[in-house]
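> In the working numbering, the protein residues as written are 65 to 1070.
Structure below; questions to follow.
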């Protein structure tokens, strides 16, 4: 008998005795009830630091225990238990039910996990409950707390899920504070929340609530001080009547889908201090009543559809410190009256349609630290007084500003971290004072008419990480000490008139990630010191006058993902290793002496004697004209070289034959080793379960539910009303509704061949798979097992597979837009990166293709079928052959050839093919009447010819060339025939994020 069972037996006996005894004995029994209730509660916890060591079951009174209070002390009754931040783990046990006088229970900032038992009912005396910042999961039981007595309820920052029952708030008239933030609740916001007439603070942020909100009911909560519905999927309009909550101080609605105009009476909420409407679809003009919000200090309305002129009344918000209207459709000029906001520290009106000059009055905003006016049509010069403020960030990019760059004051030199004046018409020299900005991290003066030399002081900026001076009419040479500080990560000097050689000191740029010097007049050789740039990922040197051979040492740069050396005067062979052997024609052309089978013309090399030839590197690269011009001595030498080549070829052939024999001998081990690779990866996530307790057979097990929904008895009854939605090599998939709440799951009816035949083994393996959780992985919810039938229960993706949206689309269905296609690429990359890099050894999928990428309601991708091979007792040749046949075109060469050296790079190859499918809309292999089109080869040829955009899916009406082109080049790198030349999935995620970064802050990736 366990200690917990013993305590419950004792508690039951005491309760029974309490009904039989009377008078004075009742107090003694109830006192033990409190003590033993806490002991039972403690038995469900793990206390690594022994904070609860004073909780002794032999005590008659718990009032002296740590973290426990009795009120009044002489009563001996526990009124408060506060265990915040003690590092406790385990679950919330039913021992708490015995604390019948408990008023405060606070267990926040621990590691409590598991679902809340539907049978757990906390004492009706409870007034304050705080379970925030734990790992609790599952739904909230309706009987969990007595809503008629509770005043403070905080369940935020857990993993609670499911809808909130509408009757949960039927009796919430005592509730003052409610926070369900940071969970996974879904469905609509209950309308009964309007019954919480005493509510001061309501926080439902960062969940998955959707649908319209009963704002009329919320406006009736006249005691409300704080309303936070941010970061959900809520929609609908804000009706008038908001003035009823006239004492509200905070309204946060950002990150939803609210639309329509703002309530005209919003200005009557005169105590409003913080208003965030950003990232919605609000439209119309800003109401005049906003000018009455004299207490407002934070106002954010970015990323909406607001129109009209920026109202003058904004300047009457005299307490305003933070103002952001970026990414709307505002017109007219910036009001001069903004200068009256003397408390303002942050101003952003970027990406609107504003015109006119930058108001001189802004110089009066002496507390201003950030000013962003990018992406408008502002003209005139930059007010010099702005550069006299203690600004930390200045962004005036993408306007029509002219004149010179003002010199910074001593105050600015001590504060400025970001300066972006790109894409204007600024002229004149670059002020030398910029080289004294000691805190400057980001400097972008590109696309101007500066007609200046590069100040040598730039290399002395100690914190500078990004320097972008592209297309700025710069002349002169690159300063030798450009990387003196050692912190520069991005250096872009393209499209200028720079001349001279690339300084040898470029090797001191140890932090350099991107080096782009293209379209200049640079000459001389590529310095060998570049081989020290171990972090370098992107190198662009095209369209210069560089000459000589490429240093072989550059082949040691293993992080290189993209190189362009076209249109120079380079000669000789390409470095071995790194990415150089996989460059396409467009990255090499225009170098008449460069050795590559992709280029026409003679190959020029300066090779010192004695000469040793590598037949793989030089075969078919010396033209016939150059051979005819050789002297007789050279002819004799050539004869000896030929003999040497023949010998080498013979030896190599013998070596290949020996390797082939070894490979065939080990062929039967290869696939088994790959499956073991997956097994070991998943085993590293969590330890194996014990076989001590046999799991139930013939019963549907759902991990996130304590009991099955009403009416659900077995999968057989469910399959009768299920609809088949797909079939794969591991089994058939069905869509199945659970219960009456609209919950839908997917069930995969597994093939029976070689599936694990012991229920405890099956239970253990499935639960291990269920631990692999990520927003871009299909979650495993449970299973069903009998010797004749095995079923996996998984998350349901309502938008089906990528295969159905891409290749099986009905004519009446709109095609995938480019934003959705890019979202699918990035999400899939993140999911694969999680499998590859979060576990050691990595989890390899082996079968990345559109049919295994499922889409949720927002087109977020979720990878399915990872790790299912661990449910096989042995290698099933039928299954494995089917996997490879169904993945024709996606299989990496090393995997299809049964190579023994298989790693996660085979997933990168499949991902690269999927990129090509998403961009082109074509299948990886297409069969015509007299030819076969291999999509990978087709795109590579078009890329070499410079016509790659011709292959973009014609069903996409709009797409940005500056995103599609680098994505296609990324696909070429991912589908390299050499696994080591492919990037890791973490690097792929980084590249995709860089490609999606808004211009001009985005560097050109390829």
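Ideal Cβ positions, reconstructed from N, Cα and C, are used throughout, including at glycine.
Excluding sequence positions up to five away, which residues of its chain have a Cβ less than 6 Å from the Cβ of residue 144?
In the chain shown, residue 144 corresponds to position 80, counting from 1. Within the same chain, residue 144 has close Cβ partners 133 and 168.
> With DSSP run on the structure shown, which of helix, strand or coil describes residue 183?
By one-based count along the chain shown, residue 183 stands at place 119. Correct three-state label for residue 183: coil.
> Identify, in the order they occur along the chain, each residue of the same chain with its Cβ nearer than 6 Å to the Cβ of residue 267, setting aside the five sequence neighbours on each side.
Mapped onto the chain shown, residue 267 falls at position 203. Only 243, 245 and 292 meet the Cβ criterion.
> When the Cβ atoms of the segment 145 to 156 are set against those of the segment 167 to 185, are three or more pairs found closer than 8 Å?
Yes, the segment 145 to 156 is in contact with the segment 167 to 185.
> Below 8 Å, how does it come out for the segment 888 to 908 and the segment 850 to 860: are there three or more Cβ pairs, yes or no?
Flag = no, the segment 888 to 908 and the segment 850 to 860 do not touch.
> So who's on the other strand from residue 218, going by DSSP bridges?
Taking the chain shown and counting its residues from 1, the one referred to as residue 218 is at position 154. The partner list for residue 218 (beta bridge, DSSP) reads 194 and 243.
> Would you say residue 537 and residue 513 are within 8 Å of each other, going by their C-beta atoms?
In the chain shown, counting from the first residue as 1, residue 537 sits at position 473. In the chain shown, counting from the first residue as 1, residue 513 sits at position 449. Contact flag set, yes.
> Measure the beta-carbon distance from residue 1075 to residue 472 and round it to whole angstroms, keeping in mind my assumption that it falls under 8 Å.
The requested residue 1075 is not part of the displayed model; the chain covers only 65 to 1070.
> Name the two residues that bound the continuous beta strand (DSSP E) containing residue 393.
For the purposes of this step, residue 393 is taken as the residue at position 329 of the chain shown. Taken as a continuous stretch (DSSP letters only), the beta strand (DSSP E) holding residue 393 covers 393 to 395.
> Kindly provide the ranges of any alpha helix (DSSP H) runs that are 4 or more residues long and lie completely inside the segment 279 to 309, ordered along the chain.
List check, alpha helix (DSSP H) in window: 279 to 283.
> Excluding the 5 residues preceding and the 5 following residue 545 in the sequence, name in chain order all residues of the same chain whose CB lies nearer than 6 Å to its CB.
Along the chain shown, read from residue 1 onward, the residue named residue 545 stands at position 481. Once the five neighbours on either side are set aside, the close Cβ partners of residue 545 are 523.
> Would residue 1039 and residue 976 qualify as a contact pair, given that the criterion is a beta-carbon distance under 8 Å?
To locate residue 1039, count along the chain shown from 1; it is residue 975. To locate residue 976, count along the chain shown from 1; it is residue 912. Yes, Cβ-Cβ distance for residue 1039 and residue 976 is below 8 Å.
> Alpha carbon to alpha carbon, how far is residue 322 from residue 348? Give it in angstroms, no decimals.
The sequence position of residue 348 within the chain shown is 284, counting from 1. The sequence position of residue 322 within the chain shown is 258, counting from 1. Rounded to whole angstroms, residue 348 to residue 322 spans 13 Å at the Cα level.
> Within 10 angstroms of its Cβ, does residue 87 collect 16 or more other Cβ (buried), or is it exposed?
Looking up residue 87 in the chain shown gives position 23. In this prediction, residue 87 scores a pLDDT of 38, lower than 50, which makes its location untrustworthy; the coordinate-derived value is nonetheless stated afterwards. Classification of residue 87: exposed, given that the 10 Å Cβ count is below 16.
> Is the segment 1003 to 1019 in contact with the segment 910 to 921, if contact means three or more CB pairs nearer than 8 Å?
At 8 Å Cβ cutoff, the stretches do not touch.
> For residue 255, I'd like the list of residues in its chain whose CB is within less than 8 Å of its CB, leaving aside the five on either flank, ordered along the chain.
Counting from 1 along the chain shown, the entry for residue 255 is found at position 191. For residue 255, where only same-chain residues beyond five positions count, the Cβ hits under 8 Å are 230, 278 and 281.
> Verify whether the separation of the beta carbon atoms of residue 224 and residue 200 is less than 8 Å.
The residue labelled residue 224 in the question sits at position 160 within the chain shown. The residue labelled residue 200 in the question sits at position 136 within the chain shown. Yes; because the gap between Cβ atoms is below 8 Å, this pair is in contact.
> Please give the ranges of any beta strand (DSSP E) in the segment 405 to 433, keeping only runs that are unbroken, at least 3 residues long and fully inside the region.
Within the segment 405 to 433, the complete beta strand (DSSP E) runs of at least 3 residues are 410 to 412.
> When the Cα of residue 461 is compared with those of 1056, 435, 500 and 1046, which residue comes out closest?
Start at 1 with the first residue of the chain shown, and residue 461 comes out as number 397. Looking at the Cα atoms, 435 is the closest of the given residues.
> Exposed or buried, which one is residue 1015 when buried takes at least 16 other CB atoms within 10 Å?
Walking along the chain shown from the start, residue 1015 turns up at place 951. With 16 or more other Cβ atoms within 10 Å, it is buried.
> May I ask you to list the residues that DSSP assigns as paired with residue 315?
Counting from one through the chain shown, the residue named residue 315 turns up at place 251. Residue 315 is bridged to 291 and 339.
> According to DSSP, is residue 833 part of a helix, a strand, or is it coil?
If you number the chain shown from 1, residue 833 lands on position 769. DSSP places residue 833 in helix when its eight states are reduced to three.
> Considering only their Cβ atoms, is the gap separating residue 391 from residue 415 smaller than 8 Å?
The residue given as residue 415 occupies position 351 in the chain shown. The residue given as residue 391 occupies position 327 in the chain shown. Going by C-beta atoms, residue 415 is nearer than 8 Å to residue 391.
> Enumerate in chain order the residues of its own chain whose CB-to-CB distance from residue 867 is below 6 Å, with the five nearest sequence positions on each side excluded.
The residue labelled residue 867 in the question sits at position 803 within the chain shown. Answer for residue 867: 914 and 915, listed in chain order.
> For a test of the three-state rule: what should DSSP assign to residue 117, helix, strand or coil?
Taking the first residue of the chain shown as position 1, residue 117 is located at position 53. If DSSP states are grouped into helix, strand and coil, residue 117 belongs with coil.
> Would residue 829 and residue 842 qualify as a contact pair, given that the criterion is a beta-carbon distance under 8 Å?
Counting from one through the chain shown, the residue named residue 829 turns up at place 765. Counting from one through the chain shown, the residue named residue 842 turns up at place 778. No, these two residues do not count as a Cβ contact at 8 Å.
> Counting only runs that start and end within the segment 345 to 387, where is the beta strand (DSSP E) found for 3 or more residues in a row?
With a minimum length of 3 residues, the continuous beta strand (DSSP E) runs that stay inside the segment 345 to 387 are 345 to 348, 362 to 364 and 369 to 373.
> Cutting at 8 Å between CB atoms, please list the residues of its own chain near residue 585, excluding the five before and the five after it.
By 1-based counting over the chain shown, the position of residue 585 is 521. For residue 585, where only same-chain residues beyond five positions count, the Cβ hits under 8 Å are 561, 562, 563, 608 and 609.
> Can you give me the C-alpha to C-alpha distance between residue 140 and residue 190, rounded to a whole angstrom?
For the purposes of this step, residue 140 is taken as residue 76 along the chain shown, with counting starting at 1. For the purposes of this step, residue 190 is taken as residue 126 along the chain shown, with counting starting at 1. Going from the Cα of residue 140 to the Cα of residue 190 covers about 17 Å.
> From residue 855 to residue 823, what does the alpha carbon distance come to, in whole angstroms?
Working through the chain shown from its first residue, we reach residue 855 at position 791. Working through the chain shown from its first residue, we reach residue 823 at position 759. The straight-line gap from Cα to Cα measures roughly 12 Å.
> Using a Cβ-Cβ cut-off of 7 Å (strictly less than) and excluding sequence neighbours within five positions of residue 1056, which residues of its own chain qualify?
Here residue 1056 is taken as the residue at index 992 of the chain shown, counted from 1. Around residue 1056: 889, 890 and 893.
> Does the separation of the CB atoms of residue 26 and residue 273 fall below 8 Å?
Residue 26 is absent from the structure shown; the chain starts at 65 and stops at 1070.
> Determine contact between the segment 420 to 435 and the segment 366 to 376, defined as no fewer than three beta-carbon pairs at a distance below 8 Å.
These segments do not touch.
> Is residue 495 helix, strand or coil by DSSP?
Counting from one through the chain shown, the residue named residue 495 turns up at place 431. DSSP places residue 495 in coil when its eight states are reduced to three.
> Can you find the residues in the same chain that come closer than 7 Å, C-beta to C-beta, to residue 595, ignoring five residues on each side of it along the sequence?
In the chain shown, counting from the first residue as 1, residue 595 sits at position 531. Excluding residues within five positions, the ones whose Cβ falls inside 7 Å are 615, 617, 618, 620 and 621.
> Could you pull out every residue in the same chain whose Cβ sits closer than 6 Å to the Cβ of residue 454, ignoring the five residues on either side in sequence?
The count along the chain shown starts at 1 and reaches residue 454 at position 390. Within the same chain, residue 454 has close Cβ partners 475 and 479.
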